Each structure stands twice: as C-alpha cells, then as structure tokens.
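Undergrad:
In my numbering, the protein residues as written are 3 to 232.
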C-alpha cells in the first residue's frame, strides 16, 4: 500500500473534483443503483443486457461489503482528536483481537470470512486496515458500500499495477471529518489467491492542496482518470 507515501501529493483541481465526486447512495433503491450503473457502463459494453448483468453483479458485491464498510465508518474518528487503540476498538464493536500488539505496535483482529483487521499505533492510532485474502478474484465493492451507508466518497486518484489496481479516496462519514482511504485490488497470484484491502489514514486530517502528478508518479501508473468502479 502506498497511502503513507502518497498523502502529501494527492490532489485534484476544483473542476476535476466536482466532476469526480459521486453522489451518496444512502437513499438509492436497488433499481436506481442498477440503472445508474448501466448508464455508466453501457458505452463500454455496447450491449444493454451485458450491462444489466454487470450491474446486478456490482450491486451484489456492494451489498456483500456493507459489513466491512460499516466497520470503517465506525472506526473513523468523531472529531479531529485521534483515538487510542482501546477507544477505537470499543467504538467498532466486538472483534476477536489478538491478546497484544506485535513488536511494531500493530494489533490484529479476525473478522471472519477471510477478513482481518489491523490497527497501527496504540497511542494514537494512525491507520486502520481491513484485508481479505482468499481463493480467486475478490467480489467486493467497498466505495459503493460506503456511499450506500451515507458516506461521501470522492475519488482522488488511482495506480494501475501489473497485478491489480489501487484507488485513493477522500471519505467523509456521516457526521464526521473526512479521512483518506486507499483500496487495493490485487488479482489472484500463481497459487490462485486474491486480495482486497482498504487502509484508512487517521494521521492526515486535511485534504492536500492542488498539485499535479510528477513525471515519476505518472511513470509509476498514477492517474486522475480512474476506471469505472462498476
């Protein structure tokens, strides 16, 4: 994950921000979700039936990710003061946590169904990470699930890699300040194991100023023109 290195340079122009911001889906019906998705993907698929199928699958992925999305919304600090690990764990509810953090100060929790949670830094917490690892490609849609639960999710940029895609967002949970969120989608490896992870940055409370990508960042695959989430 590159969120720590990127946080100083992530930005968009005001016009690009306005174009990229996605609406909250908290009051969107399943039919409205699928119709909106179909309008976005139809030019790419050129076949309405294929678009409908793709969008029904996208809706299913979103619904299947709501539990993880709710955990992240609960983990986001209610104010600008960052929490210690004990306070954060109490806020996000019952999770089977390890008895003690490792030698790097990382606390590990089991979420079930292939998901794990990690808390970095006991006083205060700097990152909250959730990660899935399992057979085959992932079937999750965290940004859509966050929007469905009422969060404002603004795409910032993404990075295309040989084995997947990283997306960076500015997420504003209902009634809370915004936070950086990086979502890493990793294709199955040689053993057929895929990964899906999200890292929420709690140490950088403000969106960065407008700054263009450097030549090195562009060479590394970073872009503001990200592929569709559907």
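The beta-carbon is built from N, C-alpha and C at its ideal position, and this holds for glycine as well.
Keep in mind that this is a model prediction, so the values were computed, not measured.
Which residue comes first and which comes last in the alpha helix (DSSP H) that contains residue 156?
TA: The residue you call residue 156 lines up with position 154 of the chain shown. It is not in any alpha helix (DSSP H) - residue 156 instead sits in the beta strand (DSSP E) that spans 154 to 163.
Undergrad: Helix or strand or just coil, what does DSSP make of residue 121?
TA: Taking the chain shown and counting its residues from 1, one reaches residue 121 at position 119. Three-state DSSP puts residue 121 in a strand.
Undergrad: Give every residue of the same chain whose Cβ lies closer than 8 Å to the Cβ of residue 142, excluding the five residues on either side of it in the sequence, and list them in chain order.
TA: Here residue 142 corresponds to residue number 140 of the chain shown, with the count starting at 1. Result list for residue 142: 63, 66, 67, 70, 134, 198, in chain order.
Undergrad: How should residue 56 be labelled, buried or exposed, when 16 other C-beta atoms within 10 angstroms of its C-beta is the threshold for buried?
TA: For the purposes of this step, residue 56 is taken as residue 54 along the chain shown, with counting starting at 1. Classification of residue 56: buried, given that the 10 Å Cβ count is 16 or more.
Undergrad: Looking only at its own chain, which residues have a Cβ that is under 7 Å from the Cβ of residue 39, when we skip the five neighbours before and after it?
TA: One-based indexing of the chain shown puts residue 39 at position 37. Contacts found: 57, 60, 232.
Undergrad: Pull up the distance between the alpha-carbon of residue 176 and that of residue 183, whole angstroms please.
TA: Position 174 of the chain shown holds residue 176. Position 181 of the chain shown holds residue 183. In a straight line, the C-alpha of residue 176 is about 15 Å away from that of residue 183.
Undergrad: Cutting at 6 Å between CB atoms, please list the residues of its own chain near residue 25, excluding the five before and the five after it.
TA: Residue 25 sits at position 23 when you count from the first residue of the chain shown. Residue placement at residue 25 is poorly supported in this model, since its pLDDT is 46, which falls under 50; the coordinates still yield a value, given next. Cβ neighbours of residue 25 beyond the five flanking positions: none.
Undergrad: Would the stretch 116 to 133 count as touching the stretch 77 to 94 if we require 3 or more Cβ pairs under 8 Å?
TA: Taking 8 Å as the limit for Cβ pairs, the verdict is that the stretch 77 to 94 does touch the stretch 116 to 133.
Undergrad: So residue 79 and residue 179 are in contact, right, with Cβ under 8 Å, and what is the actual spacing, rounded?
TA: The count along the chain shown starts at 1 and reaches residue 79 at position 77. The count along the chain shown starts at 1 and reaches residue 179 at position 177. Confirmed, Cβ separation roughly 7 Å.
Undergrad: Whole angstroms are fine: how far does the CA of residue 203 sit from the CA of residue 49?
TA: The sequence position of residue 49 within the chain shown is 47, counting from 1. The sequence position of residue 203 within the chain shown is 201, counting from 1. Between residue 49 and residue 203, the C-alpha separation is close to 39 Å.
Undergrad: Report the option in 114, 131, 51 whose CA atom is closest to the CA atom of residue 74.
TA: Numbered from its first residue, the chain shown carries residue 74 at position 72. It is 131 whose Cα lies nearest to the Cα of residue 74.
Undergrad: Below 6 Å CB to CB, which residues in the same chain sit around residue 113 once its five sequence neighbours on both sides are set aside?
TA: The residue labelled residue 113 in the question sits at position 111 within the chain shown. Taken in chain order, the residues that qualify are 119.
Undergrad: Going by DSSP in three states, residue 76 sits in which element: helix, strand or coil?
TA: The sequence position of residue 76 within the chain shown is 74, counting from 1. Helix, per DSSP.
Undergrad: With DSSP run on the structure shown, which of helix, strand or coil describes residue 42?
TA: Your numbering for residue 42 matches position 40 in the chain shown. Correct three-state label for residue 42: helix.
Undergrad: Residues in its own chain within less than 8 Å of residue 227 by CB, not counting five upstream and five downstream?
TA: For the purposes of this step, residue 227 is taken as the residue at position 225 of the chain shown. No residues qualify anywhere along the chain.
Undergrad: DSSP puts residue 89 in a beta bridge; with which residues?
TA: Against the chain shown, residue 89 aligns to sequence position 87. Looking at the DSSP assignment, residue 89 forms no beta bridge with any residue, so it has no partner.
Undergrad: Output the distance between the C-alpha atoms of residue 156 and residue 168, rounded to the nearest integer angstrom.
TA: Position 154 of the chain shown holds residue 156. Position 166 of the chain shown holds residue 168. Whole-angstrom Cα-Cα distance: 15 Å.
Undergrad: On the CB-based measure, 16 or more other CB atoms within 10 Å of its CB, does residue 93 come out buried or exposed?
TA: Position 91 of the chain shown, counted from the first residue, corresponds to residue 93. Answer is exposed; the Cβ neighbour count stays below 16.
Undergrad: Quick one: what does DSSP say residue 209 is sitting in, helix, strand or coil?
TA: Against the chain shown, residue 209 aligns to sequence position 207. Residue state, collapsed to three classes: coil.
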